[in-house]
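See below for the structure under consideration.
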Amino acid sequence: MTNASHEVVKGPHHSGDAAPIALSAHSITKRFPGVLANDSVDFDVRAGEVHTLLGENGAGKSTLAAMLCGLYQPDSGYMLRNGQPISLSSPRAGLQHGIAMVHQHFRLVERFTVAENVVLGSRDLSFTLKRKNIDDKVAAVAESYGLPIDPQAVVGELSVGQRQRVEIVKALYQGAEILLLDEPTAVLVPAEVEKLFENVHAMTAAGKSIVFISHKLGEVVEISDRVTVLRGGRVTGHVSGRGSTDTKELARLMVGRDINLSTQRASHATGHEVLQIRELSLASEGVDILSNISFNVHEGEMVGIAGVAGNGQRELADTIAGLISPTSGTISIGGAMTTDRGPIAARELGLAYVPEDRLGMGLVPSMSILDNLLLTRDRRIVVDRASVRPEANRLIEQFEIKANNADHIARKLSGGNAQKVLLARELSGGRTVTKLLVVCSPTRGLDVGAIETVRRLLDDARSAGQAILLISEDLDEIMSLADRILVLYRGAIVHETPGESAQLATVGAAMAGLKTEGAA
Ligand SMILES: Nc1ncnc2c1ncn2[C@@H]1O[C@H](COP(=O)(O)OP(=O)(O)OP(=O)(O)O)[C@@H](O)[C@H]1O
Ligand SMILES: [Mg+2]
3 MTNASHEVVK
13 GPHHSGDAAP
23 IALSAHSITK
33 RFPGVLANDS
43 VDFDVRAGEV
53 HTLLGENGAG
63 KSTLAAMLCG
73 LYQPDSGYML
83 RNGQPISLSS
93 PRAGLQHGIA
103 MVHQHFRLVE
113 RFTVAENVVL
123 GSRDLSFTLK
133 RKNIDDKVAA
143 VAESYGLPID
153 PQAVVGELSV
163 GQRQRVEIVK
173 ALYQGAEILL
183 LDEPTAVLVP
193 AEVEKLFENV
203 HAMTAAGKSI
213 VFISHKLGEV
223 VEISDRVTVL
233 RGGRVTGHVS
243 GRGSTDTKEL
253 ARLMVGRDIN
263 LSTQRASHAT
273 GHEVLQIREL
283 SLASEGVDIL
293 SNISFNVHEG
303 EMVGIAGVAG
313 NGQRELADTI
323 AGLISPTSGT
333 ISIGGAMTTD
343 RGPIAARELG
353 LAYVPEDRLG
363 MGLVPSMSIL
373 DNLLLTRDRR
383 IVVDRASVRP
393 EANRLIEQFE
403 IKANNADHIA
413 RKLSGGNAQK
423 VLLARELSGG
433 RTVTKLLVVC
443 SPTRGLDVGA
453 IETVRRLLDD
463 ARSAGQAILL
473 ISEDLDEIMS
483 LADRILVLYR
493 GAIVHETPGE
503 SAQLATVGAA
513 MAGLKTEGAA
């Protein structure tokens, strides 16, 4: 099978004739300097179906989606909308044809409210509408798709998951018939994913088309009517989705080999306390964000913080990293107090930090891979780039970062590859010896091959005696990696269990705020 456009694959939704093709791309080619991002790609999506794009980091998925919505223009090839040729010169033109994309990196204005962001750029009479009316209208759209959100909330204060909800509501508000969802679930917790999928089903039932991009193979099997696999910019396979394919087969199609995600917990005794947190509390405008948190992480130990997004995880990590000062309580790293001493002091004491928001906080988008790799390891202005280039090249190879060379600008990396740069920098330590590694959702957005690499690196760091604090909404990940699991709920630690004997149901219940036996 080589050509999607000549095949008729029926989604399980449809009985009788397949639904008409809503949007198709034919022989689409897109080249960036030094990279053939899409190589004669054929792709189509029918009304009422979910067609998934699957592929390794850098395979060309986001690029294809960007052309389908008008953000990028193909170098060659053509597109049809309901069988008619279209040429999309901009996302606005895409919208006029009912095509909208929810991006991997959000494009919201942080200072604006939810409602302002939603109506921004729409051809609505937004400027003549009263604010109250806009708020109501936005809330109504959100509500009708089961995505409730406060229209007056300021986007900058929302969690990643909530921001994504705003992006989806925005596309729906603008009347999208074809929604391109670029890794929408990467930032969602299981319950939110379920909701999103209900919403996707509601939309497909109403005849809308969904182009879905995800690295989570279980989800792909669950949600897709069809799957197209991209590799190195080319279509390498088609499978029909739900039920008729399994995750192993998809993994093999994607990376061309079997994947092993099993890890070993620390078998050795753990050493001294590296991170000590004592009675830490954080309040903002009278609201408790962190309440009286105390715990330690030892040398060679990985402690997992489980919890549903928005329960204080981000603030806990930022507080440890010295980016936020706590209201009360203390933090020490390697026996030295770091409370109120700022992020540089924390780094100098041996902290490495992978924040939740990679491109906002972790990387400088306009800088090269090389400079991003150097960013935290040497604060002198003049750096001898030549001397670190071999090291940068080694990291690019080790982390399988898909880029021409170390001078590639971070903004132009694929989502997963940008993330790998950040991980490479933080996991490789550089000048200061890492004693404590705080990582937030380290494998989010990575393909299965990269997840394997990152898990191995975390294992290695632990074996080398680093203390690791793993903060993740991916419960499976925490359950399979952490030596000890703490559950954060409404800013407090409500449950603690050794990783080995952790029960999924018990940890899940604690995450939902239900009282459990092991309650702290
Ligand atoms: N604006 C750009 N300028 C230069 N190169 C780019 C640009 N956008 C993407 N690329 C390159 O094109 C290739 C495909 O990138 P793309 O973002 O489409 O990958 P992807 O499949 O979405 O990967 P991921 O799973 O990591 O998000 C990569 O090698 C990437 O570095
Ligand atoms: Mg992408």
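The opening position of the sequence shown corresponds to residue 3 in the numbering used here, with each subsequent residue numbered one higher. Every residue gets a Cβ at the ideal spot worked out from N, C-alpha and C, and that includes glycine.
Comparing alpha-carbon positions, which option in E358, D359 and T341 lies nearest L351? Cα-wise, what sits closest to L351 is T341.
Considering only DSSP beta bridges, list what F45 is partnered with. Paired residue(s): A27.
Own chain residues within Cβ distance below 8 Å of P500, not counting five before or after
Listed in chain order, the non-local C-beta contacts of P500 below 8 Å within the same chain comprise D485, R486 and I487, local neighbours out to five positions each way being set aside.
First and last residue of the uninterrupted alpha helix (DSSP H) at D476: For D476, there is no enclosing alpha helix (DSSP H), as DSSP marks it with neither H nor E.
*asked:* Any heavy atom of ligand 1 inside 7 Å of the beta-carbon of D462?
replied: No.
Excluding sequence positions up to five away, which residues of its chain have a Cβ less than 6 Å from the Cβ of G243?
Around G243, the same chain offers S226, D227, R228 and V229 as residues with beta carbons nearer than 6 Å, after the five sequence neighbours per side are excluded.
**Asked** By Cβ distance below 7 Å, which residues in the same chain neighbour K139 in space, the five residues on each side in sequence not counted?
**Response** Contacts found: none.
Check your understanding: Can you tell which of N135, E196, P357 and S42 has its C-alpha closest to the C-alpha of L149?
Key -> For the set N135, E196, P357 and S42, the Cα lying nearest the Cα of L149 is the one of E196.
**OP:** Mark H274 as exposed unless 16 or more other C-beta atoms lie within 10 angstroms of its C-beta, in which case mark it buried.
**Re:** Burial check for H274: the Cβ neighbour count within 10 Å stays below 16, so the residue is exposed.
| message | Measuring alpha carbon to alpha carbon, tell me which residue in N407, V299, L459 and A354 is nearest G36. | response | Cα-wise, what sits closest to G36 is N407.
Own chain, CB closer than 7 Å to I151, minus 5 neighbours either side, in chain order: Excluding its 5 nearest sequence neighbours in each direction, I151 has C-beta neighbours in its own chain below 7 Å: V116, A144, Q164, R167, V168 and V171, listed in chain order.
Open item on the list: What residue range does the alpha helix (DSSP H) around F199 cover?
Closed with: Looking at the DSSP string, the run of the alpha helix (DSSP H) that includes F199 is P192 to A207.
Q. Quick one: is the Cβ of S416 within less than 7 Å of any heavy atom of ligand 1?
A. Set against 7 Å, the gap from the CB of S416 to the closest heavy atom of ligand 1 is smaller.
Quick check: does the Cβ of A405 come within less than 7 Å of any heavy atom belonging to ligand 1?
True, at least one ligand heavy atom lies under 7 Å from that Cβ.
If you follow the beta strand (DSSP E) that N406 is part of, which residue opens it and which one closes it?
-> Neither: N406 is in no beta strand (DSSP E) and is coded neither H nor E.
Where P533 falls: helix, strand or coil (DSSP): Only positions 3 to 522 of the chain appear in the structure, and residue 533 is not among them; the question remains open.
**OP:** Pick helix, strand or coil for K210, following the three-state DSSP scheme.
**Re:** In the displayed model, K210 falls within coil according to three-state DSSP, outside both helix and strand.
Discussion item. Nearer than 7 Å: is that true of the beta carbon of S389 relative to any heavy atom of ligand 2?
Written reply: Taking 7 Å as the cut-off, one finds no heavy atom of ligand 2 near enough to the beta carbon of S389.
Practice problem: Run the CB neighbour count on N135, radius 10 Å, all protein chains shown included, and call it buried at 16 or more, exposed below. | Solution: N135 should be labelled exposed.
**Message:** To test your reading of the DSSP string, which unbroken alpha helix (DSSP H) runs of 4 or more residues are found completely within the region 270 to 345?
**Reply:** Listed in chain order, they are 315 to 322.
For Y74, does the count of other Cβ atoms within 10 angstroms reach 16, so buried, or fall short, so exposed? Buried, since its Cβ has 16 or more Cβ neighbours within 10 Å.
message = Measuring alpha carbon to alpha carbon, tell me which residue in I473, A514 and S416 is nearest G60.
response = Minimum Cα distance to G60 is reached at S416.
* Leaving out five residues on either side along the sequence, give the residues of the same chain with a beta carbon under 7 Å from the beta carbon of I480. => Closer than 7 Å at Cβ, skipping near neighbours: G306, A308, L472, S474 and I487.
Hey, would you say the C-beta of E46 is under 7 Å away from at least one heavy atom of ligand 2?
The residue you asked about is not Glu; residue 46 is Asp in the sequence shown. Result no, Cβ not under 7 Å from ligand 2.
As assigned by DSSP and simplified to three states, the class of P186:
P186: helix per DSSP, three-state reduction.
Discussion item. Considering only DSSP beta bridges, list what R33 is partnered with.
Written reply: R33 is bridged to L38.
| Helix, strand or coil at V435 [DSSP, three-state] | V435: coil per DSSP, three-state reduction.
Run the proximity test for N59: is its beta-carbon closer than 7 Å to any non-hydrogen atom belonging to ligand 1? N59: yes, Cβ under 7 Å from ligand 1.
Exposed unless 16 or more other CB atoms sit within 10 angstroms - verdict on L505: With the sequence shown as reference, residue 505 is identified as Gln, and Leu is not the correct amino acid for it. When all chains shown are included, Q505 counts as exposed.
Could you tell me which residues DSSP pairs with M103 in its beta bridges?
L182.
I need the straight-line Cα distance from G235 to A67, nearest angstrom please.
If you take the alpha carbons of G235 and A67, they lie about 12 Å apart.
Beta carbon of L181 nearer than 8 Å to that of L70
No; because the gap between Cβ atoms is not below 8 Å, this pair is not in contact.
When the Cα atoms are used, what is the spatial distance from Q421 to G451?
-> Whole-angstrom Cα-Cα distance: 14 Å.
Need the endpoints of the alpha helix (DSSP H) that P392 sits in, please. From DSSP, the alpha helix (DSSP H) with P392 extends over R387 to Q400.
Quick one, are the C-beta atoms of S216 and T455 less than 8 Å apart?
Taking 8 Å as the Cβ cut-off, S216 and T455 do not qualify as a contacting pair.
Assumed close pair V52, V237 - CB separation to whole angstroms, cut-off 8 Å
Their Cβ separation, rounded to whole angstroms, is 18 Å, which puts V52 and V237 out of contact at 8 Å.
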